[in-house]
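Visitor: 1 is the number of the first residue of the sequence shown in UniProt numbering; add one for each residue after it. Even glycine gets a Cβ: it sits at the ideal position worked out from N, Cα and C. Every value quoted in this text rests on a predicted model; they were computed, and no experiment measured them.
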Amino acid sequence: MNIILFGPPGAGKGTQAKLLQDEYSIPHLSTGDIFRSAIKNKTPLGVKVKSILDAGELVPDQTVVDLVADELNKEKYQEGYILDGFPRTVVQAEAFDDFLEKNDDNLDAFISLTVPEEELIKRILSRGEGRSDDTEEKIKTRLEVYREETKPVLDHYEEQDKVREINGQGSIDEIFNRIKAVLD
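This is how it looks when you write it as structure tokens:
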């Protein structure tokens, strides 16, 4: 099963992805985790990504697409995967569609977590990851970038009838059960 978990920063994608990974025994691929690891280890990609994120901007499409394609070609993803944080733009979505077609594969579900903006800000400020862009001003910038550049991805997958909207408010278990109901 190939799943995209979608939603704004703070919607709970990472939390739900881990639960889905355990439930369905398929790996979770988070571009954010890959980038954070690269930043922590000060790899060339990490240094580049850190300066972009510090400015409250998104990593360039081609960098992200190459990273995800390289990762998904690994053996552990052959039985399925949960993508979190990808695709973030229509260009990335189209590149992912091409990747799937080239590999004779398909997307089974596009799960969109919906959460009001004031709740997103509260969650991000309270999660304490210590990101340099976790200030209220930078969070609002990230949410604005999300609305402008990422929301069109939702429209892209709605045209393919893949989108399943999930209320992202409530307890972690309540949200997880809503997602499972859609997938099962």
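1) So the alpha helix (DSSP H) I26 belongs to, where does it begin and stop?
2) Kindly identify the DSSP beta-bridge partner or partners of A109.
3) Check whether the Cβ atoms of L72 and F99 sit closer than 9 Å, and answer yes or no.
4) Return the residue from the list D104, E101 and I111 that minimises the CA-CA distance to F86.
5) Where are the alpha helix (DSSP H) runs, 4 residues long or more, that stay fully inside the segment 70-148, in chain order?
6) With a 10 Å radius around its C-beta and 16 neighbouring C-beta atoms as the bar for buried, classify T31 as buried or exposed.
7) Would you mind sorting I82 into buried or exposed? The rule is 16 or more other CB atoms within 10 Å of its CB.
8) Name, in chain order, the residues that DSSP records as bridge partners for R164.
9) Please work out which residues of its chain come closer than 6 Å, Cβ to Cβ, to I52, disregarding the five sequence neighbours upstream and downstream, and give them in chain order.
10) Identify which residue in V64, D155, I3 and Y146 has its Cα closest to the Cα of I34.
Guide: In terms of the structure at hand:
1) Looking at the DSSP string, I26 is not in any alpha helix (DSSP H), and its letter there is neither H nor E.
2) Paired residues: I3.
3) For L72 and F99, yes; Cβs fall inside 9 Å.
4) The shortest Cα separation from F86 among D104, E101 and I111 belongs to I111.
5) Counting whole runs of 4 or more residues, the segment 70-148 contains the alpha helix (DSSP H) stretches 90-102, 117-127 and 136-145.
6) Buried.
7) So I82 counts as buried.
8) BP columns for R164 point to I111.
9) If the five residues before and after I52 are omitted, its C-beta is found closer than 6 Å to the C-beta atoms of V59, all from its own chain and listed in chain order.
10) Ranking V64, D155, I3 and Y146 by Cα distance to I34 puts V64 first.
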